[in-house]
Amino acid sequence: MFFFSIPEIVDNVKNSQKNPFRPHLEKDSCDEEVIHMIKKCWTEDPTERPDFQALKSIIRRLNKDNDSGNILDNLLSRMEQYANNLEALVEERTADYLEEKRKAEDLLYQLLPK
Numbered sequence: 170m171f172f173f174s175i176p177e178i179v180d181n182v183k184n185s186q187k188n189p190f191r192p193h194l195e196k197d198s199c200d201e202e203v204i205h206m207i208k209k210c211w212t213e214d215p216t217e218r219p220d221f222q223a224l225k226s227i228i229r230r231l232n233k234d235n236d237s238g239n240i241l242d243n244l245l246s247r248m249e250q251y252a253n254n255l256e257a258l259v260e261e262r263t264a265d266y267l268e269e270k271r272k273a274e275d276l277l278y279q280l281l282p283k
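In the numbering used here, the protein residues as written are 170 to 283.
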């Protein structure tokens with residue numbers, strides 16, 4: 170596996186025109202199922218990417234023999250909670266935006282001559 174510095178990664182992502190930048194993964198660097206999961210997460214089409222529940226179950230299955238499962242479970246639950254909070258925040262902000270847009274349009278229609 171190649172290791173890039175953060176500025177190198179950012180530059181590679183910025184400069185990727187046709188093919189998006191993806192680091193090279195050595196087949197012997199980790200389990201084949203992990204590599205497959207990583208590549209699915211990199212898919213350009215968001216509908217083809219696994220959701221948090223799928224990732225959680227895959228990681229739990231791969232990590233069931235590992236003693237650090239509690240740390241991983243904690244991390245996964247925090248990531249899931251963070252994603253849920255972000256979704257709720259986006260939904261709330263969208264509703265606020267639509268309400269303000271409606272108010273602005275109502276005000277505009279009141280000001281315009283009939």
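Built from N, CA and C at the ideal position, the CB exists for glycine as well.
Sequence-distant residues of the same chain with beta carbon closer than 7 angstroms to residue i, five excluded per side
i           : result
residue 277 : none
6 angstroms Cβ shell around residue i - same chain, five flanking residues per side excluded
i           : result
residue 211 : 191
residue 182 : 190
For residue j and residue i, the rounded distance between their alpha carbons
i           : j           : result
residue 243 : residue 272 : 43 angstroms
residue 264 : residue 209 : 32 angstroms
residue 250 : residue 281 : 46 angstroms
residue 170 : residue 218 : Reliability fails at residue 170, whose pLDDT of 46 lies under 50, so the model's placement of it is uncertain and no value is given.
residue 266 : residue 259 : 10 angstroms
residue 231 : residue 216 : 23 angstroms
residue 198 : residue 239 : 24 angstroms
residue 256 : residue 269 : 20 angstroms
Cβ-based burial, residue i [other Cβ within 10 Å; buried from 16]
i           : result
residue 245 : buried
Cβ of residue i within 8 angstroms of any chain B Cβ
i           : result
residue 174 : The question asks about chain B, but that chain is absent: this structure has only one protein chain.
Integer Cβ distance of residue i from residue j, believed to fall under 8 angstroms
i           : j           : result
residue 178 : residue 194 : Going by Cβ atoms, the distance from residue 178 to residue 194 rounds to 15 angstroms, so no, they are not a contact pair.
residue 228 : residue 241 : 7 angstroms
Which runs of the alpha helix (DSSP H) fall wholly inside the segment 204-276 and span at least 4 residues, in chain order?
221-232
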